[in-house]
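Take a look at the structure below.
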Amino acid sequence: MAGASTSSGAKAAFVLIGKRLASSLLTLLLVSVTIFVIAQLLPGDAAQEALGQSATVEQVAALRHEMGLDRPAPVRYISWLGGMVSGDPGQSLVANMPVSEVISSRLPNSLLLAALTALVAVPVALAIGIGSAMNRGGRIDRALNITTLSMVAVPEFLVATIAVLIFSVKLRWLPSIALVSDEMSWGDYLRGAAMPILCLSIVVIAQMARMTRAAVIDQMDRPYVEMAVLKGVAPVQVVLKHIMPNAIAPIVNAMALSLSYLLGGAVIVETIFNYPGLASLMVNAVTSRDMPLLQACAMIFCAAYLILMLIADVTAILANPRLRAQ
Amino acid sequence: MDDISALSRRGLIGAGLGLGAGLLLPDGAMAASKPRRGGRIRVASLSSSTADTLDPAKGALSTDYVRHYMVYNGLTEMGGDLIARPALAERIVSNDQTIWHIRLRKGVTFHDGASLTAQDVVWSLLRHKDPAVGSKLATIAEQFAEVRATGKQDVVIRLTGPNADLPAILAQSHFLILRAGTKDFRTANGTGPYMVSQFRPGVRTLVRRNPNYWKSGKAWLDEIELIGIPDEVSRVNALLSGDVQLVIAVNPRSTKRIMASRGHGLLETPSGLYTNLIMRQDQLPTGNAHFVAAMKYLIDRPLIKRALYRGYATIANDQPIPPFHPYYRSDLPQTSLDLDKARWHLQRAGLSGVRLPVYASPAADGSVDMASILQEYGSRVGLNLAVNRVPADGYWSTHWMKHPLGFGNTNPRPTADLLFSLFYKSDAAWNESGWKNPRFDRLLLEARGEADQARRKQLYGEMQGLVHHHCGVGIPVFISLIDGYDRRLKGLRPVSLGGLMGYQFAEHVWWEG
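Structure, rendered in C-alpha cells:
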C-alpha cells in the first residue's frame with residue numbers, strides 16, 4: 341500500500357514536472373517577447389546611449405550597423421531566439437564581450453549571496469514562526485509578532501544605511517562596500533558580504549516567519565492535533581511529527597517566493613553595498629539598452645522563479661498523501 | 060617667423076607661476092610632505108558599468124577618464140592653469156596655426172617595451188575619423204585634414220583651418236596615444252604611469268606602477284584600485300569607514316560629515332560646470348527678447364548658490380566662461396534678481412499672466428530645484444510656470460533642447476573655443492537655445508586662428524558679452540566639484556577641468572601612511 345502510493349506519487353510528480361517544464365518554456369518565451377517589446381518602447385537605442393550626447397548621425401548609423409540594430413525588430417528577435425535555443429545568448433552590445441562571459445562573472449556572486457542569505461534566513465524564520473505559533477497569544481508570540489511586523493515594514497535601504505552607519509562608519513567592524521575579487525579568501529568575502537546578507541535576511545525572515553506561523557496555527561486547531569495532545573505527545577513532538585508534515589506545503593511555497601526575491605530583487609542592497617551581482621547588471625543593461633544582456637538576465641530571473649515554484653509544488657505533493665494518491 | 064611657438068613661451072611662464080603658487084599655498088601640505096614611493100589606495104568614482112572601457116576614444120564618464128589617464132599619455136597635458144604643455148611631444152609648434160610640427164620625446168616606451176614612434180601617434184589620431192571606432196570626439200577630429208609621420212620622431216598635423224588651441228585639444232583624454240594597431244581593449248598597452256593588472260568592466264580596474272615611466276621619479280603609488288560607487292551616500296560612507304581613500308563627486312550636503320572627520324579632507328575645485336535655463340529662440344514665446352531678459356532677472360543666483368550648493372558654487376552671469384578662466388571678461392554688469400525689471404520686460408513681451416511649462420530633470424543637476432525657484436518668483440511678476448519633472452533616463456535624447464523652456468547641463472571644456480563651438484555657434488548641433496548671431500560666429504573663427512594672447516582675450520571677451528546680452532540661456536552659477544580624500548593622501552590640487560585633479564591625480568599623488 342505504502343509502496344504503491346509512493347510510486348504513484350512519484351509518477352504524479354513526474355507528470356507534474358513534465359507539464360510544468362513545458363509550460364515554463366512557454367512562459368519564458370512570452371516573457372522574452374514582452375521584455376523585447378517593452379525595451380523597444382524605451383527612448384533611444386544602444387548605439388545612441390553608447391555614443392551619448394556627442395554622437396553624429398553618421399556615427400550612430402555606423403554603430404547601429406555594427407551592432408546589427410539596423411535590422412527590423414522581428415528579425416532581431418528571431419535571431420536572438422535562434423541563438424538562445426542553440427545555447428548562445430549572443431554578444432553584449434555595450435561590453436563587446438559574449439553575454440555568457442559577462443553573466444558568468446556576476447551570476448556566481450548573486451547565487452552565493454542568495455544561498456548564504458537563505459542559509460541564515462530559513463532556519464531563523466522557521467524557528468521564529470514555529471516558536472511564536474507554539475506560544476500563540478503569549479508574550480514571546482507578541483514580541484516576535486511586533487519584531488517581524490516592523491521588519492516587514494522597514495524598507496531595506498533604511499536598514500542597510502543604518503547598518504553601514506553603525507557597523508562601518510562608527511564601529512569600523514565591517515567594510516561599507518562589498519568588494520568581490522577572485523583572489524580574496526572566504527574570510528574576506530564573508531566580512532564584506534556580512535551586511536548585505538544581514539539586510540536581505542531581515543526582509544525575507546520576516547515574510548517567511550509570518551507565513552510559517554500562520555500555517556502552523558492553521559493546523560493547530562485541527563482535531564488530529566487535539567488528539568495527539570490528548571494522547572500525551574510532547575508539544576515539540578506534536579509540532580515536528582504531526583503538524584509540520586501538514587504545514588510544509590504553504591511554508592515551502594512562502595519560502596520559494598521569498599527566495600526568488602533574493603536573486604532579482606536584491607538591486608537596492610546591491611546598489612548600497614556596491615555588490616557586483618546580477619540585479620545591478622540588469623539595471624545597467626536597461627539604461628544602456630543592451631538588449632541581449634537584458635534578455636539573458638530576465639531569462640535567468642524568470643527561470644529561477646519558475647524552478648523555485650516547481651520545487652515548492654513538488655514538495656507539496658510529496659508531503660501530502662492525498663495529493664500523492666491522486 | 061616665430062620659431063618657438065606661443066605655446067612654449069606660455070608654458071614657461073605658466074610653469075613659473077605654478078611654482079610660485081605652490082610656495083604660497085597656506086595648506087603647508089606640499090611644503091611639509093615630500094613625495095615618497097609606495098602605498099596602495101582604492102579610489103571610488105561615480106559610476107561603473109559594462110560600458111567601462113580602456114579605449115580612450117570611447118571614454119564617456121569620469122571613471123573612464125581617470126582610467127585612461129592612469130595608463131596612457133597625451134601629446135600634451137593640462138594643469139591647473141589651463142595651459143597645455145608638451146608631454147609625449149617634446150615640442151609642438153606652428154607658424155600659421157594650421158600646420159603643426161610635433162617632435163616626439165625620445166626614450167618613451169609602451170608597457171610592452173616597444174618604443175613610441177610617429178606611427179603610433181598618426182594611428183591614434185586618425186582612428187577618431189573612422190565612424191566604426193565610435194569616437195566621442197569625431198566632430199573635433201574632422202579638423203585633422205592630414206596627420207602624417209615625417210620621421211621616426213616627427214609628426215605633422217595639417218588642420219582644415221587655423222586653430223591655436225590644438226595643443227589644448229590634444230590634452231583631452233580621448234586623444235591619448237595608443238600603440239598603433241591596437242584592437243583588443245581588454246587590457247591596455249600605454250605609455251602612462253600605471254599598467255593594468257586587472258580590468259573588469261563594472262567591477263574594478265587594478266593598476267600597478269610602471270617602473271619604466273618616462274617622467275623621472277613618478278609615479279609614487281605602488282597600486283591603485285579604481286571602483287565605481289554610483290550611490291553618493293555609499294561613496295561617502297566608504298570614505299569615512301576607510302574602505303576607500305579618495306572619492307569623486309561629493310554632494311554639498313555631505314560635506315559636513317566629511318569635515319567632521321579628522322582624518323578626511325575636502326578638495327573643492329571651482330569649475331566651469333553649469334546647469335542652464337534654455338529658452339529656445341526659434342519657438343514662441345521664449346524667442347521674444349523681452350521674455351529672455353525677464354527670465355534672466357528672475358534668477359536668484361545667491362539663493363541657488365546657498366540653498367542648492369551650500370556655497371560650493373560661483374555666481375555666473377549668463378555666459379559660460381567662468382571667472383578663473385584666462386579669457387574671462389570681468390567688466391560685464393552682473394545680472395541679479397530684479398522683480399520690477401522682470402515684470403516690465405514681461406509686460407513689454409505681452410506675456411503677463413501666461414502659463415508656460417518648464418521641463419526639468421535630475422539628469423540636469425539641480426534643475427528641478429532651480430525650476431521651483433523660478434516658479435516662485437515668476438508667480439510674483441505674473442508669470443505662471445508649470446514645472447514638468449521628467450525622468451533622467453533618456454532625458455538628453457527625448458527632452459533636451461526639444462521644449463521652448465527647459466534645462467541643460469554642460470561639463471567643463473578645456474578651451475573657450477570648444478565650449479563656444481559646441482554650444483553657442485549658430486550651426487552647432489547643441490546650440491541649446493537655437494540663437495543665431497553672425498557676429499559671434501565670425502569672432503569665433505577669428506579667435507580660433509589668432510596667436511596673439513591679448514587679442515584673443517579681447518575677442519573672447521566680446522563673445523561673452525554677446526552671449527550675456529542676447530543668447531537664450533540663463534546660467535545661474537558655476538558648480539564647484541567636490542572630492543573627498545583621506546588626509547594621508549598627499550599632493551592633490553584642484554584642476555578645474557574636472558574632479559580628481561582633472562581626472563589626472565594618479566601620477567601626482569603619494570601616500571604618507
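Residue numbers (our numbering), protein chains in the order written: chain A, 341 to 666; chain B, 60 to 572. C-beta atoms are modelled at their ideal positions from N, C-alpha and C, and glycine is treated no differently. All values derive from a computational prediction rather than experimental measurement.
Of the residues A/I588, A/G605 and A/A643, which one's Cα is nearest the Cα of A/T655?
A/I588
Could you tell me whether the Cβ of B/L84 comes closer than 8 angstroms to any Cβ of chain A?
Confidence in B/L84 is poor, its pLDDT being 41 and thus under 50, which makes the residue's placement too unreliable to answer from.
CA-CA distance, B/L84 and B/L444?
Confidence is the limiting factor: at B/L84 the pLDDT is only 41, short of 50, which leaves the residue's position unreliable, though a coordinate-based value still follows. Each residue's Cα considered, the two are about 47 angstroms apart.
Cα separation between B/G287 and A/G423?
32 angstroms
DSSP state of B/V303, grouped into three classes?
coil
Taking 8 angstroms as the CB-CB limit, is A/L391 close to chain B?
yes
Whose C-alpha, out of B/K242, B/I534, B/H127 and B/P94, is nearest the C-alpha of B/G42?
It is not possible to answer for residue 42 of chain B, since the shown part of chain B is limited to 60 through 572.
Could you check where the beta strand (DSSP E) with B/I199 kicks off and where it finishes?
Where B/I199 is concerned, there is no enclosing beta strand (DSSP E), although the alpha helix (DSSP H) it sits in stretches over A197 to A200.
Just to make sure I have the definition right: I need the residues of chain B whose C-beta is within less than 7 angstroms of the C-beta of A/D528. Which are they?
Ordered by position in chain B, no residue passes the 7 angstroms Cβ test against A/D528, which lies about 12 angstroms from the chain.
Range covered by the alpha helix (DSSP H) that runs through B/H527
Q512 to H529
Rounded C-alpha distance that separates B/D452 from A/L409
20 angstroms
For A/G358, count neighbouring C-beta atoms within 10 Å of its own C-beta (all shown protein chains included) and say buried if the count is 16 or more, exposed if not.
exposed
For the putative contact between A/S598 and A/Q635, defined by C-beta atoms under 8 angstroms, what is the C-beta separation to the nearest angstrom?
With a Cβ gap of about 26 angstroms, A/S598 and A/Q635 do not count as contacting.
Can B/D302 and A/P515 be called in contact, C-beta distance under 8 angstroms?
yes
Identity of the residue in B/S108, B/Y544, B/M560 and B/Q406 nearest B/Y128 by Cα:
B/M560
Just the Cα atoms here: how many angstroms apart are A/G430 and B/S194?
24 angstroms
In the DSSP assignment, find the unbroken alpha helix (DSSP H) run with B/R126 in it and report its ends.
S121 to V130
Can you list, in chain order, the residues of its chain whose CB lies under 8 angstroms from that of A/T627, leaving out five sequence neighbours each side?
E389
What do you get for B/W459, buried or exposed, if any count of 16 or more other CB atoms within 10 angstroms of its CB means buried?
buried
If I'm right that B/T157 touches B/R217 with Cβ under 8 angstroms, what's the distance once you round it to whole angstroms?
7 angstroms
B/L116, buried or exposed, once every other Cβ within 10 Å from all chains shown has been counted against 16
Sequence check: residue 116 of chain B is Ala here, not Leu. Buried.
Note down, in chain order, every chain A residue with its Cβ under 7 angstroms from the Cβ of B/S395.
Under the 7 angstroms cutoff, chain A gives no residues; its nearest Cβ is about 31 angstroms from B/S395.
Applying a beta-carbon distance threshold of less than 9 angstroms, which residues of chain A neighbour B/V292?
T501, V504 and I612
Would you kindly work out how many angstroms separate the C-alpha atoms of A/A596 and A/G471, rounded to a whole number?
21 angstroms
I'd like to check one pair, B/S492 with B/M338: are the Cβ atoms closer than 8 angstroms?
yes
Quick check on DSSP: helix, strand or coil for B/A88?
Caution is warranted here: a pLDDT of 44 is assigned to B/A88, below 50, making its placement in the model unreliable, and no coordinate value can be reported.
Cutoff 7 angstroms; reference B/Q212; Cβ partners in own chain excluding five residues on either side
R162, L163, K165 and A177
Spatial neighbours of B/V192 within its chain, please: C-beta separation below 6 angstroms, excluding the five flanking residues on both sides.
A116 and R186
What in chain C is Cβ-close to A/G384, meaning under 8 angstroms?
Among the protein chains of the structure shown, namely A and B, there is no chain C.
Find the nearest neighbour of A/R662 within the set A/P585, A/A549, A/L648 and A/N475, judged by alpha-carbon distance.
A/P585
What is the DSSP secondary structure of B/I100, counted as helix, strand or coil?
strand
Between B/G572 and chain A, is the shortest Cβ-Cβ distance under 8 angstroms, so that the two count as touching?
no
Alpha carbons only, please: which of A/I651, A/G384 and A/V499 is nearest the one belonging to A/V543?
A/V499
Can you look up B/K315 in the DSSP assignment and give me helix, strand or coil?
helix
Can you grab the Cα-Cα spacing for the pair A/F376 / A/I640, in whole Å?
15 angstroms
Can you tell me where the beta strand (DSSP E) holding B/R268 begins and where it ends?
R263 to R268
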